[in-house]
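Read through the structure below, which is laid out as structure tokens, and then see the notes.
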Amino acid sequence: MPSARTRVLSCVAIAVTAALTASGCGTTSGTATPGELDVRTLDVGSYSAATAPLDMRYDYHNDLSGAMNLAIMRLSDHVVTGVDVDPLIKFGTGSIAITDAEKATDVLANVNKPVLERNRMQFGFASSSTDKENDNSTKAVPGSTFTTVTVMQFPDDETAKRAATEIEETDFAVAADKNERVPLSKYPAAHTHWRPGVATIGSTLAYGRYVVNLYLGTPEANLSALTALTEKVYAAQLPLLDQIPALSPAEMLFLPDDPDQMLRRTLNPDGYGSPNIGQQAALNLRGFLHKVGPQAHWKTVLTDAGVDRFSLSIAMSSATMLFRARDEDSAGKLNTQILARAYPNPAAPPSAVPDALCGEDPDDDYKTKRFRCAVTYRQYVATVESDQLADAHQRAAAQYALLANSQ
């Protein structure tokens, strides 16, 4: 159980802070395909170089930092969201990529840092969700049901078991005179405790080389409800870990940086492709959901479109997102929906880009760009953003050209 901390994560926002304004009319390379627009005629402003696939502009060289980020992306695709546990736990409150013991204390109690260092924790990922929407999406609303799930990888099974035991002991010792052990009939190996009268529960379980740590809450301090929620989270989480055998350091180094060729299709004006889960990442649908607040909404919309892969590229001051849908018709439908929630006010689209749509954010918020445009090409839907509509148009044109040039 945490000491003086809440262990509900701050929301990861796909947003940037500086404006980028492009002026002038640029040209783009490529060849015309019969029946399709000649993308060389599009006004891409200063983004001409970015219309070439990323792998023609950047070579990924396997290194330790990139390997860790790729391993964390792989793990994030297999850490439960709230809606995986219960359809009512449908709002994400944030996620954290854990690269070292210090970063882990953003979600675990500070007293656990020596435990993680001593047992050589390799990397991890944490995600939180709740059943009540909060205006700023940064923490659970009082009286809500919430889940914070942290999964970490350790060097071997025995080390993971020892780490799980020690995490529990250090957590329990924070208030040993008030905490009580809680057995889980379905998961007897789990180390679990609660503080009577407090509507939260903590549990830690070694699962092979993984350690799963749960911090959960219900509206009332009801041990039966807390225990049932704990077992429900484990039931959803453990089968996902069965899908990804733990990695050795050598295996991490050889993880592909763009296994489904999503990032090569994602507008990246800087041409810098070093893996980074927050800025340059390719994920599955679950991995994407960790990044948003209204998880149930986006799970429904994207599942209906058959979206199975997502990529994100943040270059300096603006984010590009790419979604791979089931087919061209599904992508077309998704294209009409993707702006509606965050950018509901229509803005003029770039006239030369087929089926492009643009929206304006109604809120004056420095954390988000004023304009976002969506483009679709075959089974792909992409969004680009800027504080200047003309720049958003040129980004949209460049993204469309990139998709055409990446076939």
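The letter at position 5 of the sequence shown is residue 5 when you use UniProt numbering, and the numbering goes up by one with no holes.
Glycine residues also receive a C-beta, built at the ideal position from the N, C-alpha and C atoms.
Closest to residue i by C-alpha separation, out of the options, would be which residue?
i, options, result
"Thr148", "Val107, Leu403, Leu70 and Asn276", "Val107"
"Ala396", "Gly197, Asp257 and Thr266", "Thr266"
"Leu88", "Asp63, Thr159, Leu216 and Lys132", "Lys132"
"Pro275", "Glu169, Asn284, Pro256 and Lys291", "Pro256"
"Glu117", "Met68, Ile167 and Leu238", "Ile167"
"Tyr187", "Gly332, Ala236, Pro346 and Ala340", "Ala236"
"Gln394", "Glu36, Val292 and Ser46", "Ser46"
"Tyr60", "Lys103, Lys113 and Phe254", "Phe254"
"Asp361", "Arg74, Gly197, Pro350 and Tyr343", "Tyr343"
"Ala164", "Pro183, Ala190, Lys113 and Ala199", "Ala190"
"Gln261", "Cys358, Phe323 and Pro196", "Phe323"
"Tyr210", "Val79, Cys358 and Leu334", "Val79"
"Thr230", "Pro239, Gln243, Leu238 and Leu216", "Leu216"
"Arg326", "Ala315, Tyr377, Ser65 and Thr227", "Tyr377"
"Ala315", "Val384, Ala331, Arg40 and Gly293", "Val384"
Considering only their Cβ atoms, is the gap separating residue j from residue i smaller than 8 Å?
i, j, result
"Val307", "Ile338", "no"
"Thr51", "Ala398", "yes"
Tell me the residue span of the beta strand (DSSP E) that contains residue i.
i, result
"Tyr380", "Tyr380 to Ser386"
"Gly124", "Phe123 to Thr130"
"Val375", "Phe371 to Tyr377"
Near residue i, which residues of its chain fall below 6 Å by C-beta distance, leaving aside the five closest residues on each side in sequence?
i, result
"Pro155", "Arg120"
"Tyr58", "Gly271 and Gly273"
"Pro53", "Arg264 and Ser406"
"Ser29", "Confidence in Ser29 is poor, its pLDDT being 48 and thus under 50, which makes the residue's placement too unreliable to answer from."
"Thr130", "Phe91, Thr93, Ala140, Ser144 and Phe146"
"Asp84", "Ala236"
"Ser313", "Thr266, Asn268, Gln280 and Thr320"
"Pro219", "Gly143"
"Tyr366", "none"
Distance check for residue j and residue i, CA to CA, integer angstroms please.
i, j, result
"Leu214", "Phe125", "12 Å"
"Gly287", "Ala97", "12 Å"
"Asn222", "Val233", "17 Å"
"Tyr400", "Glu328", "14 Å"
"Leu285", "Thr192", "30 Å"
"Cys25", "Asp43", "Note that Cys25 scores 38 on pLDDT, short of 50, meaning its location in the model is unreliable and no value can be drawn from it."
"Thr31", "Asp157", "Because the pLDDT at Thr31 is just 49, under 50, the model does not fix this residue reliably, and the point stays unresolved."
"Phe310", "Pro239", "22 Å"
Of all Cβ atoms in chain D, is any one closer than 8 Å to the Cβ of residue i?
i, result
"Pro245", "Absent from the structure is chain D; it holds one protein chain and no more."
Assuming residue i is part of the alpha helix (DSSP H), what are its boundary residues?
i, result
"His297", "Gln295 to Asp304"
"Met262", "Note, Met262: premise wrong, no alpha helix (DSSP H); not H, not E."
"Gly66", "Leu64 to Ser76"
"Val85", "Gly82 to Val85"
Using a Cβ-Cβ cutoff of less than 7 Å, which residues in the same chain neighbour residue i once the five nearest sequence positions on both sides are dropped?
i, result
"Thr81", "Gly92, Ser127, Ser129, Arg286, Leu289, His290 and Gln295"
"Val115", "Ala163, Glu166, Ile167 and Thr170"
Might you give, ordered along the chain, the residues of its own chain that have their beta carbon closer than 8 Å to the beta carbon of residue i, omitting 5 neighbours on each side?
i, result
"Ala225", "Thr218"
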